[in-house]
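Chemist: Numbering of the sequence shown is given in the working numbering, commencing with residue 63 and proceeding in unit increments. Glycine residues also receive a C-beta, built at the ideal position from the N, C-alpha and C atoms.
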Amino acid sequence: MLKGFCALLGLIVFFSSLMPVALSVPPKNTLIMAWNIDSISNFDPAQSVEIVTSELLSNICSSLVQFDKHDSTKIRPAMARSWDVLNDGKRIVFHLRDDLKFDDGRVATAKDLAWSMQRIIKLNLGFARALEDFGFTKENVETNIQALDDTTLQLDFDKPYPVHLILATIGQTYTAALLDRKTLETNSVNGDMGNKYLATHSACVGPYKLVRWLPGERVVLQANQHYWGEKPKIQQILVLHVAESASQRLLLEKGDVDIARDLSSEDVLDIEKQGGPVKINRILRPQSVYLSLNNRREIFANEKVRLAMRYLIDYDNLGKTVLKGIAIPRASYMPLGVPGALDEKEGVPFELDLKKAKQLISEAGYPDGFKANLLIGSLSYMSSVAQSIQENARKIGVDLTIEKMTQTQLLSRVRGGNYDIAIMSWHTTIPDGYLSSIRQVFNPDPTFTEKKGMSLALRSGYYDVKVNKMVMDALSEKDQNKLIEQYRNLQHYILYHGPMAYLFQTYYIIGMGPKVKKWFWNSFEIRYSEAEK
Numbered sequence: 063m064l065k066g067f068c069a070l071l072g073l074i075v076f077f078s079s080l081m082p083v084a085l086s087v088p089p090k091n092t093l094i095m096a097w098n099i100d101s102i103s104n105f106d107p108a109q110s111v112e113i114v115t116s117e118l119l120s121n122i123c124s125s126l127v128q129f130d131k132h133d134s135t136k137i138r139p140a141m142a143r144s145w146d147v148l149n150d151g152k153r154i155v156f157h158l159r160d161d162l163k164f165d166d167g168r169v170a171t172a173k174d175l176a177w178s179m180q181r182i183i184k185l186n187l188g189f190a191r192a193l194e195d196f197g198f199t200k201e202n203v204e205t206n207i208q209a210l211d212d213t214t215l216q217l218d219f220d221k222p223y224p225v226h227l228i229l230a231t232i233g234q235t236y237t238a239a240l241l242d243r244k245t246l247e248t249n250s251v252n253g254d255m256g257n258k259y260l261a262t263h264s265a266c267v268g269p270y271k272l273v274r275w276l277p278g279e280r281v282v283l284q285a286n287q288h289y290w291g292e293k294p295k296i297q298q299i300l301v302l303h304v305a306e307s308a309s310q311r312l313l314l315e316k317g318d319v320d321i322a323r324d325l326s327s328e329d330v331l332d333i334e335k336q337g338g339p340v341k342i343n344r345i346l347r348p349q350s351v352y353l354s355l356n357n358r359r360e361i362f363a364n365e366k367v368r369l370a371m372r373y374l375i376d377y378d379n380l381g382k383t384v385l386k387g388i389a390i391p392r393a394s395y396m397p398l399g400v401p402g403a404l405d406e407k408e409g410v411p412f413e414l415d416l417k418k419a420k421q422l423i424s425e426a427g428y429p430d431g432f433k434a435n436l437l438i439g440s441l442s443y444m445s446s447v448a449q450s451i452q453e454n455a456r457k458i459g460v461d462l463t464i465e466k467m468t469q470t471q472l473l474s475r476v477r478g479g480n481y482d483i484a485i486m487s488w489h490t491t492i493p494d495g496y497l498s499s500i501r502q503v504f505n506p507d508p509t510f511t512e513k514k515g516m517s518l519a520l521r522s523g524y525y526d527v528k529v530n531k532m533v534m535d536a537l538s539e540k541d542q543n544k545l546i547e548q549y550r551n552l553q554h555y556i557l558y559h560g561p562m563a564y565l566f567q568t569y570y571i572i573g574m575g576p577k578v579k580k581w582f583w584n585s586f587e588i589r590y591s592e593a594e595k
């Protein structure tokens, strides 16, 4: 509750800095969210791959194209008004709008965009993998990503790729964020092309701009008056860092915040039961929560141990208790909603089976069990899920020590390979089986030295030639029925051989105050610019 009070105090300070007199309620043109945002580390589109930052950046930086908001299988124009596919699919030319401007009113051009995309490869940070997957390298990026004039961007690929995949992966994401080259070069430190500057600033074309980020406290977004699209109804988005569900609920029910983002199952069900002015909205989202088993550790390099861990997960009981109303059990890596995903029943072939788990670890050479650390972050459900697995493991002689930390610390430990087991999450904004596979189970580097952090298999020290081949074979398959079957086979293989034990798929859950009249989301995106109070 102390953090709830601190958040409320932060509100008073924030509003008193904006108005002559402190306000007791949020103004109509400001939307306030309570959210656990301790995973944020920067706002550089070249680097940010975490869930919270990804959502914020998608509302700060426009994309070349966007999904139809009612049908995510369809692509619509955004910064690009049209595009041409040439050279048998090896070239795409985007024709940009002529009214693109940065938040200070300066004209933004295709030359800025070409530089922005080249920058991703040159910096070689997290999002570089998204371009490298299509053949872009430091050696060819200036030739293969070019501005032909102020409104024409040309991309040349090493081979033909499915056009929809390119549009969804590059065009629809902030891989193609149009950055303010002048500002970033002015604020470059030791050749970092503005990376340190973007730790606390934004500099791109989009509906909102970042005006303040205080780590562990709040993020403030301001509507961009020079935005090319329909102007946002809400002028300010204030995101308060509130880690606990109880504190978020308190602020929401008092009317101090408009939206709560991390309500627990207990709070969600209780609010729904009360039927008061606060409403619960939910939609299944493509976010998977999983046990990452570090294959660099001898214990978890053993396939039988990894399989045993799956039989220690009480999917049925978790679904009826801790996860009720906020998630559904899911053991497959491919989320429901992605074409080719196993259905709900096939996607959970395991159940709690202590006898089977004990047999497997004995066959693996650990008849007396073993000890391991289990890292968890600060999300509301983490402790309960971890304790359930810990208790089941104890019954077969496996001693798991739970270590709780912030989301940022958790990400750092896992990326550095400094863990045994960790409860992690993965989220996609693209409904595509190839993208789900290449980001989770495909590992491009058998030496495990790559530092970009885009591959979950790489983070867990897992490399399987068979899996890599299955993923790449699916990329080249043009027959849709055969493609679906390939993804089904791949999922079945990973269920029993893969490096991660998947736990569940979450809902987007929000507690919404009565002043919010409109909130737009679907399974793959949330658009702040369409919110209304």
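Under 8 Å, do L229 and Y496 count as touching if we go by C-beta distance?
Modeler: No; because the gap between Cβ atoms is not below 8 Å, this pair is not in contact.
Chemist: Would you mind stating whether R358 and G233 have Cβ atoms separated by less than 8 Å?
Modeler: No, Cβ-Cβ distance for R358 and G233 is not below 8 Å.
Chemist: With a threshold of 6 Å on Cβ separation, who are the neighbours of H489 within its own chain once the five nearest residues in sequence on each side are excluded?
Modeler: Cβ neighbours of H489 beyond the five flanking positions: I113 and Q349.
Chemist: Look at the Cβ atom of I361, then the Cβ atom of G573, and state whether they are nearer than 8 Å.
Modeler: Their beta carbons are not under 8 Å apart, which means I361 does not touch G573 by this criterion.
Chemist: In angstroms with no decimal places, state the Cα-to-Cα distance between R372 and A563.
Modeler: Distance between the alpha carbons of R372 and A563 is about 6 Å.
Chemist: Apply the 10 Å Cβ neighbour rule to L210 and answer buried if 16 or more other Cβ atoms are within range, or exposed otherwise.
Modeler: Exposed, since its Cβ has fewer than 16 Cβ neighbours within 10 Å.
Chemist: Output the distance between the C-alpha atoms of T92 and V282, rounded to the nearest integer angstrom.
Modeler: Taking the straight line from one Cα to the other gives about 10 Å.
Chemist: Using a threshold of 8 Å, state whether the C-beta atoms of I438 and M444 are closer than that.
Modeler: The answer is yes: Cβ separation under 8 Å.
Chemist: Helix, strand or coil, according to DSSP, for F129 in the structure here?
Modeler: In the structure shown, F129 sits in a strand (DSSP, three-state: E or B).
Chemist: Residues bridged to S124 by DSSP?
Modeler: S124 is not bridged to any residue.
Chemist: Between the region 140 to 154 and the region 248 to 257, do at least 3 Cβ pairs fall closer than 8 Å?
Modeler: Short answer: they don't touch.
Chemist: What residues in its chain sit with their C-beta under 6 Å from that of P82, if we drop five residues either side in the sequence?
Modeler: Because P82 carries a pLDDT of 35, less than 50, the predicted location of this residue cannot be relied on, and no value is offered for it.
Chemist: Less than 6 Å between C-beta atoms, sequence neighbours within five positions excluded: which residues of the same chain meet that for D461?
Modeler: Excluding positions up to five away in sequence, the list reads K433.
Chemist: For V273, I'd like the list of residues in its chain whose CB is within less than 8 Å of its CB, leaving aside the five on either flank, ordered along the chain.
Modeler: These residues qualify, in order along the chain: V282, L283 and Q284.
Chemist: Can you tell me the Cβ-Cβ gap for M95 and L302, rounded? I've got them flagged as a contact below 8 Å.
Modeler: With a Cβ gap of about 7 Å, M95 and L302 count as contacting.
Chemist: When DSSP labels each residue in this structure, what does W290 get in the three-state scheme?
Modeler: Coil at W290, not helix or strand.
Chemist: Please tell me whether E21 and F129 are closer than 8 Å, where the distance is taken between their beta carbons.
Modeler: The requested residue 21 does not occur in the structure, where the chain is confined to residues 63 to 595.
Chemist: Measure the alpha-carbon distance for L158 versus Q208 and round it to whole angstroms.
Modeler: Distance between the alpha carbons of L158 and Q208: 13 Å.
Chemist: Judging by CA-CA distance, which residue of R550, L185 and R475 is the nearest neighbour of R521?
Modeler: Considering only alpha carbons, the answer is R475.
Chemist: Going by C-alpha to C-alpha distance, which of N343, F412, E292 and Q109 sits closest to P391?
Modeler: Nearest of N343, F412, E292 and Q109 to P391, Cα basis: F412.
Chemist: Can you name the start and end residues of the alpha helix (DSSP H) that H559 belongs to?
Modeler: Q542 to H559 is the span of the alpha helix (DSSP H), which, as asked, contains H559.
Chemist: Would you list the one or two residues that DSSP bridges to D218?
Modeler: Answer by DSSP bridge pairing, in chain order: R153.
Chemist: Among V147, T509 and L346, whose alpha-carbon lies nearest the alpha-carbon of F156?
Modeler: When only C-alpha atoms are compared, the closest one is V147.
Chemist: Identify every residue that forms a DSSP beta bridge with R138.
Modeler: Note: R138 sits in a beta bridge opposite Q128.
Chemist: Helix, strand or coil: how does DSSP classify V83 here?
Modeler: Its pLDDT being 35, under 50, V83 is placed unreliably by the model, and the measurement read from it follows with that caveat. In the structure shown, V83 sits in coil (DSSP, three-state: anything other than H, G, I, E or B).
Chemist: Please state whether DSSP places R168 in a helix, a strand or coil.
Modeler: Here R168 sits in coil by DSSP.
Chemist: Mind checking whether N286 and Y270 have CB atoms under 8 Å apart?
Modeler: Yes, they are a contact pair.
Chemist: How would you write the range of the beta strand (DSSP E) that E112 sits in, first residue to last?
Modeler: That residue, E112, is in no beta strand (DSSP E); it is neither H nor E in DSSP.
Chemist: What span of residues does the alpha helix (DSSP H) with Y496 cover, start to end?
Modeler: Run containing Y496: G495 to Q502, per the alpha helix (DSSP H) assignment.
Chemist: Let me know if H263 comes out buried or exposed under the rule of 16 or more other beta-carbons within 10 Å of its beta-carbon.
Modeler: Buried.
Chemist: For L404, I'd like the list of residues in its chain whose CB is within less than 6 Å of its CB, leaving aside the five on either flank, ordered along the chain.
Modeler: For L404, where only same-chain residues beyond five positions count, the Cβ hits under 6 Å are S394 and Q553.
Chemist: With A389 and Y236 assumed to form a contact (beta carbons below 8 Å), what rounded beta-carbon distance in angstroms separates them?
Modeler: Between Y236 and A389 the Cβ distance is about 26 Å, and since that is not below 8 Å, they are no contact.
Chemist: Under 8 Å, do I546 and P397 count as touching if we go by C-beta distance?
Modeler: Result no, Cβ atoms of I546 and P397 do not sit closer than 8 Å.
Chemist: Alpha carbon to alpha carbon, how far is S499 from E539? Give it in angstroms, no decimals.
Modeler: Using only the alpha carbons, I get a separation of about 14 Å.
Chemist: Rounded to the nearest angstrom, what separates A140 and V367 at their Cα positions?
Modeler: Roughly 48 Å between the two C-alpha positions.
Chemist: Do you know how far the Cα of L436 is from the Cα of E465?
Modeler: Their backbone Cα atoms lie some 6 Å apart in a straight line.
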